[in-house]
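Note that the sequence shown covers residues 0 to 287 in numbering that gives the first Met the number 0.
See structure below.
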Amino acid sequence: MITHTELYERVLNAILRVKNETPFAPSITNSVTINFVANAQLAVGGSAAMVCLPDEGEAMAYASKSLYINIGTDFPFYRDTLQRTAKACAECGNAWVLDPVAIGIGSQRTELLRSFKQYPPKIIRGNASEIIALAILWDLDFPPAENSSAARGVDSTCEVDSARGAAIALANFTGGAVAVSGKTDLVTDGSIVCRCFGGSSLMPLVTGMGCSLGGVCSVYSCVTEPFIAALCGTLLYNKAAFFAEKKYSGPASFYTAFLDSLYKITHTDPKKYGAKKLTSFHFEIEEN
0 MITHTELYER VLNAILRVKN ETPFAPSITN SVTINFVANA QLAVGGSAAM
50 VCLPDEGEAM AYASKSLYIN IGTDFPFYRD TLQRTAKACA ECGNAWVLDP
100 VAIGIGSQRT ELLRSFKQYP PKIIRGNASE IIALAILWDL DFPPAENSSA
150 ARGVDSTCEV DSARGAAIAL ANFTGGAVAV SGKTDLVTDG SIVCRCFGGS
200 SLMPLVTGMG CSLGGVCSVY SCVTEPFIAA LCGTLLYNKA AFFAEKKYSG
250 PASFYTAFLD SLYKITHTDP KKYGAKKLTS FHFEIEEN
């Protein structure tokens with residue numbers, strides 16, 4: 000089994016690679032959070048592009064190593080855009096990232112998410128309700144959880160632990176990784192499960208924290224394997240949010256401080272960190 004130290008070193012290496020290489024990770028994302036997604040990707044050292052048309056999505060799939068799809072905004076033309084983009088990602092080996100926002104609301108959203116089973120993403124990021132609902136939609140076998148069909152818009156009515164089985168099943172099916180966001184986050188590749196701690200109580204008060212995390216995971220997916228990319232993004236978000244809350248206590252100022260913290264953490268020379276800060280990514284490993 001991989002050790003905590005080995006995982007930490009691989010996360011740190013991914014952070015350094017993004018800082019040095021500025022990987023290109025385009026997005027088709029929620030219109031409410033486009034600005035936040037792009038700014039978060041830039042803050043960690045990536046390069047961003049926001050597209051919405053079918054031919055643009057296909058072009059971006061071939062022009063990048065990882066692409067982020069967030070279905071929070073489901074305009075009618077997205078039926079062609081998202082299906083064609085996901086197919087192009089599969090054809091060219093693009094390690095794309097999916098955020099199944101508000102799964103279960105509307106027939107078009109449901110059918111789009113069902114169709115993605117043909118072209119599975121390498122990272123899926125969502126709250127517990129969304130992860131459970133996606134595993135059910137894809138007819139995957141996993142241990143049942145209470146309130147497994149519960150959903151409330153983009154908010155979760157399920158605890159992260161209830162999505163553990165669904166997350167493992169999805170990761171095994173895709174051959175990638177799943178990140179479940181909550182008070183204590185869960186990241187798994189189907190065999191290793193990490194519990195990630197930290198964050199801030201202000202995170203749910205800022206629209207787009209989860210959306211932008213998906214975009215950041217896509218940036219790291221350009222330089223490392225899906226599990227490390229998902230873990231890297233999750234740990235960075237928890238640490239940046241923790242620091243931001245210490246500086247400000249309201250959602251508006253927290254948003255600004257969060258982006259500043261995300262930039263500072265990823266652009267500071269690790270050699271200048273003290274030993275305490277080097278181990279301040281708080282996570283635990285458990286076997287499946």
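Cβ atoms here follow ideal geometry from the backbone N, Cα and C, with glycine treated the same way.
Predicted, not measured: the structure shown is a model, and the values here were computed from it.
Q) With which residues is I167 paired in a DSSP beta bridge? A) DSSP lists no beta-bridge partner residue for I167.
**Prompt:** Between which two residues does the beta strand (DSSP E) carrying A176 extend?
**Reply:** Bounds of the beta strand (DSSP E) holding A176 are 176–180.
Next on the checklist: Once DSSP output is grouped into helix, strand and coil, what is the label at R151?
Outcome noted: In this prediction, R151 has a pLDDT of 42, which is less than 50 and means its spatial position is unreliable; what the coordinates show is noted afterwards. In the displayed model, R151 falls within a strand according to three-state DSSP.
- Query: So, is P25 buried or exposed, given that buried needs 16 or more other C-beta atoms within 10 angstroms?
  - Reply: Counting Cβ neighbours within 10 Å, P25 comes out buried, since at least 16 surround it.
- Those residues which DSSP pairs with T187 across a bridge: DSSP output for T187 lists V177, V192 as bridge partner(s).
- Task: Taking the CB atoms as reference points, tell me whether L212 and T187 lie closer together than 9 Å.
- Result: In this structure, T187 does not lie closer than 9 Å to L212 by Cβ.
Rounded separation between S248 and G181 - CA only: Each residue's alpha carbon lies about 20 Å from the other.
- Task: Identify every residue that forms a DSSP beta bridge with G56.
- Result: In DSSP, G56 forms no bridge with anything.
TODO: Quickly, what does DSSP pair G125 with across the bridge? List them, please.
DONE: Its beta-bridge partners are V179.
ask   = Around the Cβ of K238, are there at least 16 other Cβ atoms within 10 angstroms (buried) or fewer (exposed)?
value = So K238 ends up on the buried side.
Query raised in the report: Which ranges would you report for the beta strand (DSSP E) in the stretch 42–89 if only whole runs of at least 3 residues count?
Result: Whole beta strand (DSSP E) segments, 3+ residues: 67–69.
Would you call the stretch 157–166 and the stretch 122–138 in contact, with 3 or more CB pairs under 8 Å?
When Cβ pairs closer than 8 Å are counted between the two stretches, the stretch 157–166 is seen to touch the stretch 122–138, the count reaching three or more.
For the structure I just gave you, are there three or more beta carbon pairs, one from the stretch 29–36 and one from the stretch 61–77, closer than 8 Å? Segments in contact, yes.
### Task
Could you check the C-alpha separation between L204 and E90 for me, to the nearest Å?
L204 and E90 have their alpha carbons spaced roughly 38 Å apart.
Apart from the five residues on each side of it in sequence, which residues of its chain come closer than 7 Å, Cβ to Cβ, to K18? Cβ neighbours of K18 beyond the five flanking positions: G44, T265, H266.
Would DSSP call D138 helix, strand or coil?
Residue state for D138 is assigned as coil, using DSSP reduced to three classes.
For S63, which of Q40, V218, L139, L235 has the nearest alpha-carbon? Nearest of Q40, V218, L139, L235 to S63, Cα basis: V218.
Item to complete: Could you check if Y61 is buried or exposed, using at least 16 other CB atoms within 10 Å of its CB as the buried criterion?
Response: Classified as exposed, Y61 has fewer than 16 neighbouring CB atoms from the shown chains inside 10 Å of its CB.
Problem set entry | Nonlocal neighbours in the same chain, by C-beta distance under 7 Å from G152, ignoring five residues either side | Residue placement at G152 is poorly supported in this model, since its pLDDT is 45, which falls under 50; the coordinates are not used for a value here.
For F76, which of A47, Q107, D98 has the nearest alpha-carbon?
Per the C-alpha coordinates, the member of A47, Q107, D98 positioned closest to F76 is Q107.
Quiz prompt | Nearest-angstrom Cβ-Cβ length linking I227 and A42, presumed shorter than 8 Å | solution = No, I227 and A42 are not in contact; Cβ-Cβ is about 19 Å, not under 8 Å.
Report task. Check whether the Cβ atoms of K116 and W95 sit closer than 9 Å, and answer yes or no. Result -> Contact: no.
Check for me: the alpha helix (DSSP H) holding L234 runs from which residue to which?
Membership of L234 in the alpha helix (DSSP H) is indicated by the continuous run 225–246.
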